[in-house]
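**Q** Can you keep this structure in mind? I'll have questions shortly.
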Amino acid sequence: MERQINIPESIRGLNEREVLTAREKWGTNEQRLVFKDKWWHFIFDIVKEPMLILLIAVAVIYFILGQLDEAWFMVAALIAVSGISIYQDRRSGKALEALKKLNEPLSKVLRNGHVKQIATSEIVVGDLVIAEEGSTINADGIIVHSNDFSVNESSLTGEAYSVFKSATSEDKKVYSGTMVASGLALYEAKNIGTKTRIGQLGASLADIKEEATPLQKQINRFVKIMAIFGVLVFLLVWAINFWQSRDLLDSLLKGLTLAMSILPEEIPVAFTTFMALGSWRLMRQGIIVKKTRTVEALGSATVICTDKTGTITENKMSLKAIYAHSNKKLYEHENWNETEEIDVIEAAMWASEPIPFDPMEKTLHRIYQKTTATDKRRNFRMVHEYPLEGKPPMMTHVFENAEGQRIISAKGAPEAIMNASDLSPGETNELNKIIESLAIKGYRILGVATAELDGNNFPEKQQVLPFHFKGLVAFYDPPKENIREVFNDFNEAGIVVKIITGDNALTTKAIARQAGVPDAEKVINGEELMKMDETAMTKNIHDTTVFTRMFPEAKLAIVNALKKDNQVVAMIGDGVNDGPALKASHIGIAMGQKGTEIAKSAADLILVNDDLNKLVDAVASGRRIYTNIKKAVQYIISIHIPIILTVSLPLFLGWIYPNIFTPVHVIFLELIMGPMCSIVYENEPMEKNTMQQPPRKMSSTFLTWKEMRISILQGIIISAGVLFIYQYAVQNGASESLTRSMVFSTLVIANIFLSLVNRSFYYSFITTLKNRNALMLLVNLLTIILLIIILNFPVVADFFNVEALNRKQLLIVTLTSAFSVLWIEAWKWWNRHFKRINTPGYR
-4 MERQINIPES IRGLNEREVL TAREKWGTNE QRLVFKDKWW HFIFDIVKEP
46 MLILLIAVAV IYFILGQLDE AWFMVAALIA VSGISIYQDR RSGKALEALK
96 KLNEPLSKVL RNGHVKQIAT SEIVVGDLVI AEEGSTINAD GIIVHSNDFS
146 VNESSLTGEA YSVFKSATSE DKKVYSGTMV ASGLALYEAK NIGTKTRIGQ
196 LGASLADIKE EATPLQKQIN RFVKIMAIFG VLVFLLVWAI NFWQSRDLLD
246 SLLKGLTLAM SILPEEIPVA FTTFMALGSW RLMRQGIIVK KTRTVEALGS
296 ATVICTDKTG TITENKMSLK AIYAHSNKKL YEHENWNETE EIDVIEAAMW
346 ASEPIPFDPM EKTLHRIYQK TTATDKRRNF RMVHEYPLEG KPPMMTHVFE
396 NAEGQRIISA KGAPEAIMNA SDLSPGETNE LNKIIESLAI KGYRILGVAT
446 AELDGNNFPE KQQVLPFHFK GLVAFYDPPK ENIREVFNDF NEAGIVVKII
496 TGDNALTTKA IARQAGVPDA EKVINGEELM KMDETAMTKN IHDTTVFTRM
546 FPEAKLAIVN ALKKDNQVVA MIGDGVNDGP ALKASHIGIA MGQKGTEIAK
596 SAADLILVND DLNKLVDAVA SGRRIYTNIK KAVQYIISIH IPIILTVSLP
646 LFLGWIYPNI FTPVHVIFLE LIMGPMCSIV YENEPMEKNT MQQPPRKMSS
696 TFLTWKEMRI SILQGIIISA GVLFIYQYAV QNGASESLTR SMVFSTLVIA
746 NIFLSLVNRS FYYSFITTLK NRNALMLLVN LLTIILLIII LNFPVVADFF
796 NVEALNRKQL LIVTLTSAFS VLWIEAWKWW NRHFKRINTP GYR
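Take -4 as the starting number for the sequence shown in this note's numbering and just add one per residue.
Dropping the structure here:
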């Protein structure tokens, strides 16, 4: 049931024709005007890539030298490399565009007398926009109708406190970007988009670039080092060749060949592709990623702080018990028909929102409608409201009818209601026993009280009203069916779960036990926690699973303490008061259905269907993506080393055929490596033991020295195999073209084997063949077909300056390639059986 404003029927809002007219005249509600890039901007973005600059330089030199076949091949390669870049950019762009559309905030407007939910960008000048507690004001406007409405304007004024406003107050303006602190309002949009106050500020803020993540920084640093190394070796090769030949252009061509072999331009492209497509895959699973950089952090989460209601539980509140203070009797059934029971239900209903959105309040309204002889809700209107506040919290509503009859009713945490009521110590003790008996069953308990007050001089604090304790209402919200499995998955993944809730200790412990939460016996409440010093707080947070009677400052303190303890914190929240903790955590997670706009705005992830099981999927995806990025980068390192050494060592060592590879051969290798390291490895499925590993440390180096060492060793051994084939061919009197054929074939086939063995650094490549990855099969099959064409079709063979291999030569080449790569399978076997390494990569 949607929460609505009880507004006069005379207020209708714009009709469809007026909406179209306003949009044509004033435009859309977007903070920045979006200009499509001109075609030359797009071309410039492509050609500024280092690899493309090298290709253009090589093509120009070939044209100058009159080697037109090679020149046109370079032009074709230029188009192919650009095409791959465009494909990846478009695929990533589409994924990000889809995420952007899902992330676009929604607004409620009154149009033609009906409440409609629309994209915020569709608000037009003149629209009547509905603002409710927990939402964001999405246009500058003037209030036309309100109910106990207050707004926090700190984003504009810097003042932290909320300001009450109404249609009759001196200041009845509201501003885009501010937050609704309490109540409801209907405002007429006067300024939208860049014309709003925050829109005028936002144009400059939107130009500020986000800081790179630790992973991005590490990758960029690695690429820069390789680029510097490439420039130095390029200059050395150019100098040596020029010294020997005195031919400037030819020596420059050979230097550029080596530069192309060194430059790891695939790595940044792979990183962008992995993050964008990873976010897109999560979106398809029902997880909206607001920032692609969040994907990087998901696999590192060590602690998940979660609410109880609606997250662990089903958020379906059924009324299970009523205690009537008038006759000191506890009723535990669902057939509410006695006068005392009905009196408590009625008082609790009046303390609820007139049009409820909370499950408990919906239940109270429904049961009131069933049990009351005369439904008085239409005759009374709310004249004053005390929002939910206090530690522990309570709320109070004041209703009045046309005759001046007044109803004042409050509900909230039993302790809060009891403290505000006229109870004796003996009555309080008895009530505590009843509350305990209900709480150990997992019931959520609310105290209910009523008061009487003449005149309109309402006190500032609701707690000072003369309350008479009315009774207790107890609801049961059972744990979700799959929640035990979810907590077990987190436990296996080495992720600690902490429950942070506003409910009482006994109820929360009971639900935690039913849900299978480990170590749920020790409990700390918010007041106790905030009295501790930093050392004691950190220790108690570390040792405790259940935190009850929590308020915003306490939630934020837990998140900050865990961060100081070097934990990577995921925080799940849905309410207005969860905003600070969501923002402070490494990974803020909001619920898509029951989450407020403020919570969604502060969060990094949104679980569309409020299903915590999706968070398990998100963590698994984060780990898969991170592991696959590492595999891709290790593959790039390992295959670049033999290309570099094959191009450079024959020259530096003065071998008989010093220029065994030309730019043509190097660019072919680059064309098959590019898709492999980005598109193919991104599509690699998760290894089956991924979620049985502890989270990686956020501060850990992307590639450890051990991982780097194994990749370098792979590259060196492949180089040894390739150079062995070189010497084997020369020693057997092979010509330059035949030697080139055998060396080139060895490197291409070794690349295929390498792509297969690097799918896992734990399982054998035979095992990983069972992991379905159609792109891996397609790219490797295409590589084999292209190699066959290059070697056996005379026109192509002449162009590459190679020749066909006989069966013996092909067998030697294949066996050498296999031995130079498959040795790592013995290393994996040793680790699996003797070192007990049990990670999808290794540590």
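Just so you know, even glycine gets a beta-carbon here, dropped at the ideal spot from N, CA and C.
Tell me which same chain residues have a C-beta within less than 6 Å of the C-beta of Leu383, skipping the five on either side of it?
**A** In the sequence shown, counting from the first residue as 1, residue 383 sits at position 388. These residues qualify, in order along the chain: Met390.
**Q** Per DSSP, His379 is paired with what?
**A** Along the sequence shown, one-based indexing puts residue 379 at 384. Answer is Val393.
**Q** Tell me, which residues are paired with Pro474 by DSSP?
**A** To locate residue 474, count along the sequence shown from 1; it is residue 479. According to DSSP, Pro474 bridges with Thr308.
**Q** Taking the alpha helix (DSSP H) that Gly450 belongs to, which residues open and close that run?
**A** For the purposes of this step, residue 450 is identified with residue 455 of the sequence shown, where counting begins at 1. Premise fails: Gly450 is in no alpha helix (DSSP H) and is neither H nor E.
**Q** Looking at the secondary structure, which residues open and close the beta strand (DSSP E) in which Ile125 lies?
**A** As a first step, residue 125 must be located in the sequence shown, where it is residue number 130. 123 to 127 is the span of the beta strand (DSSP E), which, as asked, contains Ile125.
**Q** Should Asn147 and Ala184 be called a contact, given that it needs their Cβ atoms to be closer than 7 Å?
**A** Here residue 147 is taken as the residue at index 152 of the sequence shown, counted from 1. Here residue 184 is taken as the residue at index 189 of the sequence shown, counted from 1. No, Cβ-Cβ distance for Asn147 and Ala184 is not below 7 Å.
**Q** Quick one: grab the DSSP three-state call for Ser171.
**A** For the purposes of this step, residue 171 is identified with residue 176 of the sequence shown, where counting begins at 1. Residue state, collapsed to three classes: coil.
**Q** With DSSP collapsed to three states, give me the class of Trp34.
**A** Working through the sequence shown from its first residue, we reach residue 34 at position 39. Bear in mind that a pLDDT of 45 at Trp34, under 50, signals an unreliable position, so the model cannot answer this.
**Q** Which residues does DSSP pair with Gly568 in a beta bridge?
**A** In the sequence shown, counting from the first residue as 1, residue 568 sits at position 573. Gly568 is bridged to Ala585.
**Q** So is Glu127 buried or exposed if we call it buried at 16+ other beta carbons inside 10 Å?
**A** Along the sequence shown, one-based indexing puts residue 127 at 132. Looking at its Cβ environment, which holds 16 or more other Cβ atoms inside 10 Å, Glu127 is buried.
**Q** Note down, one range per segment and in chain order, each beta strand (DSSP E) of at least 3 residues found wholly within the segment 318 to 357.
**A** Listed in chain order, they are 324 to 326.
**Q** Report buried or exposed for Ile720, applying the criterion of at least 16 other Cβ atoms within 10 angstroms of its Cβ.
**A** Position 725 of the sequence shown, counted from the start, is the residue given in the question as residue 720. Buried, since its Cβ has 16 or more Cβ neighbours within 10 Å.
**Q** So who's on the other strand from Ile490, going by DSSP bridges?
**A** For the purposes of this step, residue 490 is taken as residue 495 along the sequence shown, with counting starting at 1. DSSP, once it has assigned bridges, lists no residue as partnering Ile490.
**Q** On the three-state DSSP scale, how would you describe Gln364?
**A** In the sequence shown, the residue the question calls residue 364 occupies position 369. The answer is helix: DSSP assigns Gln364 an H, G or I state.
**Q** Leaving out five residues before and five after Lys303 in sequence, what residues of the same chain have Cβ atoms less than 7 Å from its Cβ?
**A** Locating residue 303 in the sequence shown gives position 308, where the first residue counts as 1. Hits under 7 Å: Ile494, Thr496, Asp498, Thr503, Ile506.
**Q** What are the boundary residues of the beta strand (DSSP E) that includes Ser404?
**A** Mapped onto the sequence shown, residue 404 falls at position 409. Where Ser404 is concerned, the enclosing beta strand (DSSP E) stretches over 401 to 407.
**Q** Cα separation between Met668 and Gln709?
**A** The residue you call residue 668 lines up with position 673 of the sequence shown. The residue you call residue 709 lines up with position 714 of the sequence shown. Distance between the alpha carbons of Met668 and Gln709 is about 16 Å.
**Q** For Thr834, which of helix, strand or coil comes out of DSSP?
**A** Taking the sequence shown and counting its residues from 1, one reaches residue 834 at position 839. Bear in mind that the predicted position of Thr834 carries a pLDDT of just 47, short of 50, making it unreliable; the figure below should be weighed with that in mind. In the structure shown, Thr834 sits in coil (DSSP, three-state: anything other than H, G, I, E or B).
**Q** Whole angstroms is fine: what's the gap from Arg849's alpha carbon to Gly172's?
**A** Only positions -4 to 838 of the chain appear in the structure, and residue 849 is not among them; the question remains open.
**Q** Going by the DSSP bridge assignment, what does Gln280 pair with across the sheet?
**A** Mapped onto the sequence shown, residue 280 falls at position 285. Partner(s): none; Gln280 has no beta bridge.
**Q** Over what stretch of residues does the beta strand (DSSP E) that includes Asn520 continue unbroken?
**A** Here residue 520 corresponds to residue number 525 of the sequence shown, with the count starting at 1. Start and end: 518 to 520.
**Q** Given a cut-off of 7 Å on the beta-carbon distance, is the pair Ser714 and Ile636 in contact?
**A** Working through the sequence shown from its first residue, we reach residue 714 at position 719. Working through the sequence shown from its first residue, we reach residue 636 at position 641. Yes; because the gap between Cβ atoms is below 7 Å, this pair is in contact.
**Q** Shortest alpha-carbon distance to Leu227 belongs to which of Ser643, Arg401, Leu810, Asn775?
**A** Locating residue 227 in the sequence shown gives position 232, counting from the first residue. It is Ser643.
**Q** Just the C-alpha distance for Phe266 and Ala745, rounded to the nearest angstrom, thanks.
**A** As a first step, residue 266 must be located in the sequence shown, where it is residue number 271. As a first step, residue 745 must be located in the sequence shown, where it is residue number 750. Looking at the two C-alpha atoms, the distance is approximately 24 Å.
**Q** State the DSSP-derived secondary structure class of Asn535, mapped to helix, strand or coil.
**A** Here residue 535 corresponds to residue number 540 of the sequence shown, with the count starting at 1. Asn535 falls in the helix class under three-state DSSP.
**Q** With a floor of 4 residues, list each alpha helix (DSSP H) that falls wholly inside the segment 659 to 733, ordered by position along the chain.
**A** Runs found: 700 to 726.
**Q** Out of Val791, Leu786, Gln458, Gln804, which one is the CA nearest neighbour of Glu798?
**A** Position 803 of the sequence shown, counted from the first residue, corresponds to residue 798. Closest option to Glu798, Cα to Cα, is Leu786.
**Q** Distance check for Ala114 and Ala17, CA to CA, integer angstroms please.
**A** Translated into positions along the sequence shown, residue 17 becomes position 22. Translated into positions along the sequence shown, residue 114 becomes position 119. Near 16 Å, if we compare the C-alpha coordinates of Ala114 and Ala17.
**Q** In whole angstroms, give me the CA-to-CA distance for Glu431 and Pro680.
**A** The residue labelled residue 431 in the question sits at position 436 within the sequence shown. The residue labelled residue 680 in the question sits at position 685 within the sequence shown. Answer to the nearest angstrom: the Cα atoms are 49 Å apart.
**Q** Would Pro387 and Ala408 qualify as a contact pair, given that the criterion is a beta-carbon distance under 7 Å?
**A** What you label residue 387 is simply residue 392 of the sequence shown in a count that begins at 1. What you label residue 408 is simply residue 413 of the sequence shown in a count that begins at 1. Contact: yes.
**Q** Considering only the alpha carbon of each residue, which of Ile784, Met525, Val738, Leu607 lies closest to Arg479?
**A** Counting from one through the sequence shown, the residue named residue 479 turns up at place 484. Measuring from the Cα of Arg479, the nearest candidate turns out to be Leu607.
**Q** Am I right that Ala434 and Phe462 are in contact with their C-beta atoms under 8 Å? What's the rounded C-beta distance?
**A** Start at 1 with the first residue of the sequence shown, and residue 434 comes out as number 439. Start at 1 with the first residue of the sequence shown, and residue 462 comes out as number 467. With 8 Å as the limit, Ala434 and Phe462 do not qualify as a contact, their Cβ atoms being about 22 Å apart.
**Q** I think Leu817 touches Phe756, with their Cβ atoms under 8 Å apart; what is that distance to the nearest whole Å?
**A** For the purposes of this step, residue 817 is taken as the residue at position 822 of the sequence shown. For the purposes of this step, residue 756 is taken as the residue at position 761 of the sequence shown. Between Phe756 and Leu817 the Cβ distance is about 14 Å, and since that is not below 8 Å, they are no contact.
**Q** Which first and last residues belong to the beta strand (DSSP E) in which Phe795 is found?
**A** By 1-based counting over the sequence shown, the position of residue 795 is 800. First-last for Phe795: 789 to 795, but that is the alpha helix (DSSP H), not the beta strand (DSSP E).
**Q** Using C-beta distances below 7 Å, list every residue in its chain close to His320, excluding the 5 sequence neighbours before and after it, in chain order.
**A** Stepping through the sequence shown from its first residue, residue 320 is reached at position 325. Contacts found: Phe464, Lys465, Gly466.
**Q** Excluding five sequence neighbours on each side, which residues of the same chain lie with their C-beta closer than 6 Å to the C-beta of Leu293?
**A** Translated into positions along the sequence shown, residue 293 becomes position 298. Within the same chain, Leu293 has close Cβ partners Ala613, Val614, Gly617.
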